[in-house]
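Reading the sequence shown from the start, the letters are residues 19 to 111 in this note's numbering.
Just so it is clear, CB atoms sit at the ideal spot from N, CA and C, and this is done for glycine as well.
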Amino acid sequence: MYDKEGGLTPYGLEDASMYPNLFVELAVDSRWGDEDLKKVAGQNFLHVFRQAEHLRDKMRNESVPVSNDLISSPHLQNQTRCRYNVNTGLGRY
């Protein structure tokens, strides 16, 4: 949600301090249940990272070599909206 450079966040969620406002709005919407709100609050994030850690451990146990290779620009198909500069290998900030 937080975008240091501004302009890319939804109205009303311009910075991290406004994140609770999202929950207030979702909680009154009957389409959002408690389980949905838990997922928005970070449960999905934690689930993905647990899976990533499991895969890391599995690869380590299987002696899969670590790779720090960058994905070449043609393979990204102009999908480079991340904070990492694929041309220089440096972060934007």
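Report task. Could you please give the first and the last residue of the uninterrupted alpha helix (DSSP H) stretch that includes residue 69? Result -> 62 to 79
**Report entry** Integer-rounded CB distance, given that residue 45 should sit under 8 Å from residue 31
**Finding:** Going by Cβ atoms, the distance from residue 31 to residue 45 rounds to 15 Å, so no, they are not a contact pair.
Query raised in the report: If you run the structure through DSSP and keep just helix, strand and coil, what is residue 28?
Result: coil
Query raised in the report: If we ignore side chains and look at the alpha-carbon of each, how far apart do residue 36 and residue 61 end up?
Result: 19 Å
Query raised in the report: Quick one: Cα of residue 77 to Cα of residue 66, how far?
Result: 16 Å
Requested in this report: State the start and end residues of the unbroken alpha helix (DSSP H) segment that holds residue 88.
Outcome: Neither: residue 88 is in no alpha helix (DSSP H) and is coded neither H nor E.
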